[in-house]
Amino acid sequence: MKARPKQKQQKLTWLISCDESGVGGARYYGFGSLWMKWQRRGDFCRDFRERCQQHRYQGECKWNKANNRRYLGFFTDLIDYFFRRPWLAFHCVVFRKAIVDKTLHAGDYDLARRKHFTMLVATKVAACMQAHADSENTFRVWVDPIASRYAKADEAVAVISNNVLAQALESVRPVESVKTHDSKKTPAIQLCDLLLGAVMEAWQQRSVSACKADLQELIASHLGWNDLKADTYPSERKFNVWYFHDPTQGPREVRTRHVDLKYPLPQPRGGESTLSSR
5 MKARPKQKQQ KLTWLISCDE SGVGGARYYG FGSLWMKWQR RGDFCRDFRE RCQQHRYQGE
65 CKWNKANNRR YLGFFTDLID YFFRRPWLAF HCVVFRKAIV DKTLHAGDYD LARRKHFTML
125 VATKVAACMQ AHADSENTFR VWVDPIASRY AKADEAVAVI SNNVLAQALE SVRPVESVKT
185 HDSKKTPAIQ LCDLLLGAVM EAWQQRSVSA CKADLQELIA SHLGWNDLKA DTYPSERKFN
245 VWYFHDPTQG PREVRTRHVD LKYPLPQPRG GESTLSSR
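Numbering (the numbering used here), first residue to last: 5 to 282.
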């Protein structure tokens, strides 16, 4: 008798909120993703807005606005909130623009960046599915408007991601949707912007305001680091920095560091952990 396929234990729906940085011609560009279970999005929005009210913060929360020491308490509180919640995770990928071989992308940085964003989504989705192989996983992606000449860049990410994953995961097409959201109305994208901006500005090695320097130091301290100019090992689940290194372009520019979380994650259980490799 032919064995029946193994029944999945539960259905998990994931929300991935994404942003980009450095795409305007900086030395490095990158893409970030904030992860949570779909059912957590209401809790997150409520907690985010409560902190805005407590600190009398108005307007959009963005790294570019983190210069005012008057609101240092708000940004500090939000970063601490992220690290204290085991059901939130941040994963990003960093590219040095000079090593991108445009001949592999029809001579077009625009196409290269869209491919790289898709690579981040597809790689992390595959890792999450592997970590939760006993569950049926579905992914919904929210993105700040993608800087691209292509009007339907978000739809292209969904199609390409599913095509890549279908080849690797036996025809499974888990990315349900990739939708553009206005970051002004989307707190999850705003937090992604804040964390990604802190990382990317450290990689760009630009001088920053005292307020931003304090926030970078705070994030680094949560990782057990002195600064943010490094990448993490693929197994890091909470705060993962993936530096896309091309070995044909010479030695690595940074040394990969272990993460020693100030608030260690609990052992994985029941869908609360997210992804663990790239």
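Here a beta-carbon is modelled for each residue, glycine too, at the ideal position from N, C-alpha and C.
Residue from Ala102, Thr122, Gly28, Pro191 whose Cα sits closest to the Cα of Ser21
Pro191
Give me, in chain order, the residues of the same chain whose beta-carbon lies closer than 6 Å to that of Phe35; leave out the 5 immediate sequence neighbours on both sides.
Glu24, Val97, Phe121, Leu124
Start and end of the alpha helix (DSSP H) containing Ser225?
214-227
Kindly indicate which residue of Tyr75, Gly46, Trp42, Val27 has the alpha-carbon position closest to the one of Leu219.
Tyr75
What number of angstroms, rounded off, separates the C-alpha of Ala7 from the C-alpha of Asn141?
Since pLDDT at Ala7 reaches only 49, below the 50 mark, its modelled position is unreliable, and no value is offered.
What is the residue span of the beta strand (DSSP E) that Glu24 lies within?
14-25
To the nearest angstrom, how far is it from the Cα of Thr184 to the Cα of Trp146?
6 Å
Using a threshold of 7 Å, state whether the C-beta atoms of Phe87 and Tyr267 are closer than that.
yes
Below 8 Å, how does it come out for the stretch 258-265 and the stretch 236-243: are there three or more Cβ pairs, yes or no?
yes
Pick helix, strand or coil for Gly34, following the three-state DSSP scheme.
strand
Report the partner residues of Tyr247 according to the DSSP bridge assignment.
Val98
I think Leu232 touches Ala202, with their Cβ atoms under 8 Å apart; what is that distance to the nearest whole Å?
6 Å
Does Arg256 pass the burial test, meaning 16 or more other C-beta atoms within 10 Å, or should it be called exposed?
exposed
So Leu199 and Phe94 are supposed to be a Cβ contact under 8 Å. How far apart are they, rounded?
5 Å
I'd like the list of long-range same chain contacts for Tyr32, defined as Cβ closer than 8 Å, with 5 residues on each side in sequence excluded.
Gly26, Val98, Phe99, Arg100, Lys101, Met204, Trp207, Gln208
Can you find the residues in the same chain that come closer than 6 Å, C-beta to C-beta, to Pro17, ignoring five residues on each side of it along the sequence?
The sequence given here places Thr at residue 17; Pro does not occur at that position. Answer for Thr17: Trp42, Thr142, listed in chain order.
Regarding Leu269 and the ligand ADP, is the C-beta to nearest heavy atom distance less than 6 Å?
The ligand ADP is not among the ligands present in this structure, which contains no ligands whatsoever.
Please classify Ala214: is it buried, with 16 or more other beta-carbons within 10 angstroms of its beta-carbon, or exposed?
exposed
What's the call for Asn230, buried or exposed, on a 16-neighbour Cβ count within 10 Å?
exposed
Backbone secondary structure at Lys144 - three-state DSSP
According to the sequence displayed, residue 144 carries Arg and not Lys. Looking at Arg144 - three-state DSSP - the assignment turns out to be strand.
In angstroms, rounded to a whole number, what distance separates the CA positions of Gly28 and Gln62?
27 Å
Once DSSP output is grouped into helix, strand and coil, what is the label at Trp42?
helix
Local Cβ density within 10 Å of Ser181, reported as buried at 16 or more and exposed below that:
exposed
Please go through the same chain and pick out, in chain order, the residues whose beta-carbon is closer than 7 Å to the beta-carbon of Val258, but skip the five residues on each side of it.
Lys233, Ala234, Asp235, Tyr247
Using CA coordinates, which residue listed in Leu92, Arg117, Cys56 is at the minimum distance from Arg45?
Leu92
In the structure shown, what three-state DSSP assignment does Lys128 receive?
helix
Within this structure, are the beta carbons of Trp67 and Asp197 separated by less than 7 Å?
yes
Do Gln194 and Cys56 have their C-beta atoms within less than 7 Å of each other?
no
To the nearest angstrom, report how far apart Phe243 and Arg89 are at their CA atoms.
12 Å
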